[in-house]
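There are 2 protein chains.
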Amino acid sequence: MNGSETTQIRSERRDAAENRQRILNAAIKLFEQNDVEQVSMNQIANEAQVGPGTLYRRYKNKSELCLDLIKDNVDLFFDDIEIYLKENCSSPPSKRLKGILSLFIRFREKKSQLLTGVEDSSSTNPPRSRIQSPLFNELHHLLVNLFDEMNVTKQTRLNSVFNADLLLTALSRDFYSFQRDVRNYSPEMILEELCTLFISLK
Amino acid sequence: MNGSETTQIRSERRDAAENRQRILNAAIKLFEQNDVEQVSMNQIANEAQVGPGTLYRRYKNKSELCLDLIKDNVDLFFDDIEIYLKENCSSPPSKRLKGILSLFIRFREKKSQLLTGVEDSSSTNPPRSRIQSPLFNELHHLLVNLFDEMNVTKQTRLNSVFNADLLLTALSRDFYSFQRDVRNYSPEMILEELCTLFISLK
DNA sequence: TTGACAAGTGGAATATTCTCCGTTTATTAT
DNA sequence: ATAATAAACGGAGAATATTCCACTTGTCAA
């Protein structure tokens, strides 16, 4: 279906759309050949045959570009979560939390390259904190709700926001791939450790 | 080469020492005037009146430079820890852990600028993980020992290495200053949250 | 003292990021 | 159609990061 609803906002110009597609294609191509981090914005602009200015007009940095590239996947990921939550709405919150973590880790494993790209330059450009991104914000929201539920169930008063922040940090590239690559932990082991720590066995 | 056994590393040349001092002075001066992150290596080289090559020969990046600048402070910090641990060697490990965290947070607050600099570019240059630095490695070691002790005391079998990794991540700039600046938590509150989570009340 | 040579130096060269701005072009109202 | 206009373009170029290497200079041993 096309979004031909009469938006007051002038829709994207045709040539602009073409260029964007060229940029995305170029990025995909280059990302297949080299590590995301190795590919420079210049290379992408070059490959796409647009000037660097054009590229930057559209994407403030590589991170945004990557986000655009996996946007669809992210949407699918959240669909999966929604389905999972519906199917398990009667399970205890701790079980649901674990399920979500598991889904995210699977997602992270599948799309590690691009996901890494998304989180990357967010440390250079905006002030800081890779915790700030649509993807992470939405997850944060889910996690906070689950932690809140757990607090009710278990009669605890843990700080849901703080714990969600930390949990997300543990799932972000820096920490996660350190555990994978340096500590040699498998995704499953990481999941277990996180559950042990965050799903109060307290 | 001479067949003799003198493996002594030729000590730093006099002129090199002078240059290094000039670089450090220049860095201090610039860091006082601007945020650490704003100051470029070039500026430092300029201010110190050495070529960029000379600067890079000594410090692979700003991070290393910062580390050199706070090296003394870091040493003092570890002295404090040692003293603290001696004075409290009979306290339960959980108490000692909290003490160390408190000391580190105080340290972090006092030297936030430079410490931030230390952790900064380490994300760009080497593969990744700001967990890797002499400062953090040494802390990691301490933490692991305390967690191990706690496991014995409390008859648990938590993963000390993993928990130490995560705890350090929570104390690193990204996470810590996010909590401070965005969540508006005080150092004390952060400390409490970390203790709640990591010092098993389980 | 001296000379061999490792250590150290400067800065040109290359690569990247990112901005600025004059020019081009698609769209839309007429 | 056509002109007005906002959007989009592209590339020059400023600021950085980082490397390379031909040249200098302390140091040490004889």
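First to last, the protein sequences are chains A and B.
So the first sequence is numbered by our numbering: it starts at 53 and just counts up by one.
So the second sequence is numbered by our numbering: it starts at 53 and just counts up by one.
All C-beta atoms in this analysis are idealised placements derived from N, C-alpha and C, irrespective of residue type, glycine included.
Discussion item. List, in chain order, every chain A residue whose beta-carbon is nearer than 7 Å to that of B:ASN211.
Written reply: Within chain A, the residues near B:ASN211 are GLU245.
Discussion item. Against chain A, does B:PHE188 count as a neighbour if the rule is that its beta carbon must be under 8 Å from one of theirs?
Written reply: No, no contact with chain A.
Fill in: Straight-line gap, A:ASN236 to B:ARG209 (C-alpha atoms, nearest Å)
Rounded to the nearest angstrom, the two C-alpha atoms are 19 Å apart.
Fill in: Per-residue burial, A:VAL102 [other beta carbons within 10 Å of its own, 16 or more giving buried]
With 16 or more other Cβ atoms within 10 Å, it is buried.
Worksheet item: Does DSSP put A:GLU244 in a helix, in a strand, or in coil?
Response: Reduced to three states, the DSSP call for A:GLU244 is helix.
Discussion item. So with CB distances below 7 Å, who are the chain A contacts of B:LEU195?
Written reply: Listed along the chain, the chain A residues whose CB falls inside 7 Å of the CB of B:LEU195 amount to none; the nearest CB is some 14 Å away.
Practice prompt. For A:THR248, return the contacting residues in chain B, with the cut-off set at a CB-CB distance below 7 Å.
Written response: The answer, in chain order, is LEU210.
Worksheet item: Would DSSP call A:GLU201 helix, strand or coil?
Response: Here A:GLU201 carries a helix assignment [DSSP, helix/strand/coil].
Practice prompt. Taking only the alpha-carbon atoms, compute the straight-line gap between A:LEU220 and B:ARG66 and give it to the nearest angstrom.
Written response: Straight-line Cα distance between these residues: approximately 49 Å.
Practice prompt. Note down, in chain order, all residues in the segment 147–166 of chain B with a beta-carbon under 7 Å from any beta-carbon belonging to chain A.
Written response: The segment 147–166 of chain B vs chain A, Cβ under 7 Å: nothing.
Worksheet entry | Within chain B, the residues that A:GLN231 reaches when beta carbons sit closer than 8 Å | Per Cβ cutoff of 8 Å: PHE214 and ASP217.
Discussion item. Helix, strand or coil for B:LYS112? Go by DSSP, reduced to three states.
Written reply: Reduced to three states, the DSSP call for B:LYS112 is coil.
Discussion item. Counting only beta-carbon separations shorter than 8 Å, does B:ARG72 have a partner in chain A?
Written reply: Not an interface residue.
Worksheet item: Just how far apart, CA to CA, sit A:GLU64 and A:LYS123?
Response: Looking at the two C-alpha atoms, the distance is approximately 18 Å.
Worksheet entry | Buried versus exposed, by CB contacts within 10 Å (16 or more), B:LYS150 | With a 10 Å radius around the Cβ and a threshold of 16 neighbouring Cβ atoms, B:LYS150 comes out buried.
Discussion item. Between which residues of its own chain and B:ARG158 is the CB-CB distance below 8 Å, once the five residues before and five after are set aside?
Written reply: Sequence-distant partners of B:ARG158 (beyond 5 residues in either direction) whose C-beta falls short of 8 Å from its own C-beta, in its chain, are PRO239.
Item to complete: Could you tell me which chain B residues have their CB closer than 8 Å to the CB of A:ARG235, listed as they occur along the chain?
Response: Taking the beta carbon of A:ARG235 as reference, the chain B residues within 8 Å of it are VAL213, PHE214 and ASP217, listed in sequence order.
Fill in: Extent of the continuous alpha helix (DSSP H) run through A:ASN98
Here the alpha helix (DSSP H) through A:ASN98 covers 93–100.
Discussion item. At a cut-off of 7 Å, would you count A:GLU240 as near the ligand MG, judging by its Cβ distance to the nearest heavy atom?
Written reply: The model depicted lacks the ligand MG and carries no ligand whatsoever.
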